[in-house]
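J.: Going from the sequence shown to our numbering is simple: count from 1 and add 5.
Using N, Cα and C, we set each Cβ at its ideal position, and we do this for glycine too.
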Amino acid sequence: MNTHATAPAPLARRLEGRVAVVTGAAHGIGRGIAERLAAEGAHVVIADIDEAGAGKVAADLGNGATAARVDIADPASVAALANAIEARHGRCEILVNNAAILDVAGIATMTFTHYRSILDINQDGAIRMTLALLPLIRKAGPGRRILNIASIQGLRGTRDSLAYATAKGALVNFTRALACDLADEGIVVNALAPGYIDTRMAQLPDGAGHEHDAAWFRDIYIEHGRIPLRRPGKPVDIAGPAFFLCSDDARYVTGQILPVDGGLSATF
Ligand SMILES: NC(=O)c1ccc[n+]([C@@H]2O[C@H](COP(=O)([O-])OP(=O)(O)OC[C@H]3O[C@@H](n4cnc5c(N)ncnc54)[C@H](O)[C@@H]3O)[C@@H](O)[C@H]2O)c1
Numbered sequence: 006m007n008t009h010a011t012a013p014a015p016l017a018r019r020l021e022g023r024v025a026v027v028t029g030a031a032h033g034i035g036r037g038i039a040e041r042l043a044a045e046g047a048h049v050v051i052a053d054i055d056e057a058g059a060g061k062v063a064a065d066l067g068n069g070a071t072a073a074r075v076d077i078a079d080p081a082s083v084a085a086l087a088n089a090i091e092a093r094h095g096r097c098e099i100l101v102n103n104a105a106i107l108d109v110a111g112i113a114t115m116t117f118t119h120y121r122s123i124l125d126i127n128q129d130g131a132i133r134m135t136l137a138l139l140p141l142i143r144k145a146g147p148g149r150r151i152l153n154i155a156s157i158q159g160l161r162g163t164r165d166s167l168a169y170a171t172a173k174g175a176l177v178n179f180t181r182a183l184a185c186d187l188a189d190e191g192i193v194v195n196a197l198a199p200g201y202i203d204t205r206m207a208q209l210p211d212g213a214g215h216e217h218d219a220a221w222f223r224d225i226y227i228e229h230g231r232i233p234l235r236r237p238g239k240p241v242d243i244a245g246p247a248f249f250l251c252s253d254d255a256r257y258v259t260g261q262i263l264p265v266d267g268g269l270s271a272t273f
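(1) Could you have a look at T71 and say whether DSSP puts it in helix, strand or coil?
(2) Using the beta-carbon count (16 or more within 10 Å), is Y257 buried or exposed?
(3) Within 10 angstroms of its Cβ, does E190 collect 16 or more other Cβ (buried), or is it exposed?
(4) Measure the alpha-carbon distance for A87 versus V194 and round it to whole angstroms.
(5) Relative to the C-alpha of V62, which residue among V83, E40, G230 is closest?
(6) Whole angstroms is fine: what's the gap from L197's alpha carbon to I243's?
(7) Tell me D53's beta-bridge partners as DSSP assigns them.
(8) Hey, quick one: how far does the alpha helix (DSSP H) through I34 stretch, first residue to last?
(9) By Cβ distance below 6 Å, which residues in the same chain neighbour L269 in space, the five residues on each side in sequence not counted?
(10) Give me whichever residues DSSP pairs with S166 in a beta bridge.
(11) Do A59 and A31 have their CB atoms nearer than 8 Å?
(12) Going straight from the alpha carbon of F273 to that of P140, what length do you get?
(13) Leaving out the 5 sequence neighbours to the left and right, which residues in its chain are closer than 6 Å to A274 when beta-carbon positions are compared?
(14) Count the CB pairs spanning the region 128-136 and the region 68-83 that are closer than 8 Å, and state whether there are at least three.
(15) Just curious, the alpha helix (DSSP H) that V83 is in, first and last residue?
(16) So the candidates are G67, L160, D65; which of them puts its Cα closest to the Cα of Q261?
(17) Please report the distance separating the alpha-carbon of L107 from that of V265.
(18) Under a three-way DSSP split, which group does T28 fall into?
(19) Hey, out of D55, I54, A213, V27, whose CA is closest to A47's CA?
(20) How far does the alpha helix (DSSP H) with N102 in it reach, from first residue to last?
(21) Which one or two residues does DSSP pair with H215 in a beta bridge?
(22) Can you give the beta carbon distance from V101 to I38, rounded, assuming they're within the 8 Å contact cut?
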């Protein structure tokens, strides 16, 4: 049996007027989350290192969406983004730390310099963004949310994912610790742990197509049901759970990591 991803009908604009900053929203999962938050009424800041891509997404979204170039590995760039959001909106209700890069390397080829360069983006980028935007989140009204996009690789180990998995594991426990620190202020902090999602990140090097189209992937994950729902996910599959964790319905959910992986992490 196969199941198909279809976009859920938009709900009743339950984020009307809230300011939401989504990093890495020019493409893939971030774009999917930004589209959903905008459909629910949020004014979304598409914050991405790809300025042109961010501009295109902001134009497509409308509803007061704006584009901003940011390199989450660069403290000056992150500070400039925070200043620009303060000048335009004066506050921020929702921060989605989504931007990251894939790294396929194990201990055999790893250098410390390379390892640190991946952590600088995939781990420290989210922490840098959180520290920079926290003053604006504190100025916001009800419904203040921080959502980190981790990975099932932050919950399990795999080969050739040393820096990526280490960074995602750190993001998982950053989420829990930050949730404890901000609970008294009513700021809810959670994370999603996506499985295999159909984005640019899932493309094999040298134009070899998508990983999930490879024969070995189809055999193990689809035919043999290692992914019980028997398909890779799509950004829209992440957008719904992301919306929930950014909504008022998540008011009593904090410090939690939700796998969104078609059931992959439920198997062995
Ligand atoms: N695709 C998957 O299978 C999968 C699985 C688990 C987790 N994730 C996570 O989901 C998130 C989104 O990944 P995706 O699959 O949509 O990837 P993607 O490559 O399609 O999108 C990543 C976005 O981040 C931006 N970006 C990269 N470096 C940046 C930087 N330094 N500063 C600002 N923006 C930067 C890119 O320009 C791009 O728009 C990532 O955190 C990724 O680790 C993805």
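T.: In short, the structure shows the following:
(1) DSSP places T71 in strand when its eight states are reduced to three.
(2) Answer is exposed; the Cβ neighbour count stays below 16.
(3) That one is exposed.
(4) Cα atoms of A87 and V194: separation of roughly 19 Å, rounded to the nearest angstrom.
(5) Comparing Cα-Cα distances from V62 to each of V83, E40, G230, the minimum goes to E40.
(6) In this structure, the CA atom of L197 is about 8 Å from the CA atom of I243.
(7) In the DSSP output, where bridge partners are listed per residue, D53 has R74.
(8) First-last of the alpha helix (DSSP H) with I34: 33-44.
(9) Hits under 6 Å: G200, I232.
(10) Residue pairing from DSSP places S166 in a beta bridge opposite A110.
(11) The answer is yes: Cβ separation under 8 Å.
(12) Straight-line Cα distance between these residues: approximately 43 Å.
(13) The question about residue 274 has no answer here: the residues shown for the chain are numbered 6 through 273.
(14) Yes, the region 128-136 touches the region 68-83.
(15) It spans 80-93 - the alpha helix (DSSP H) in which V83 sits, taken as one unbroken run.
(16) Among G67, L160, D65, the Cα nearest to that of Q261 is on L160.
(17) Approximately 18 Å between the Cα atoms of the pair.
(18) Reduced to three states, the DSSP call for T28 is strand.
(19) The residue with the shortest Cα to Cα distance from A47 is V27.
(20) For N102, no alpha helix (DSSP H) encloses it; the enclosing beta strand (DSSP E) starts and ends at 99-102.
(21) Residue pairing from DSSP places H215 in a beta bridge opposite Q208.
(22) The C-beta distance from V101 to I38 rounds to 6 Å, short enough to fall under 8 Å.
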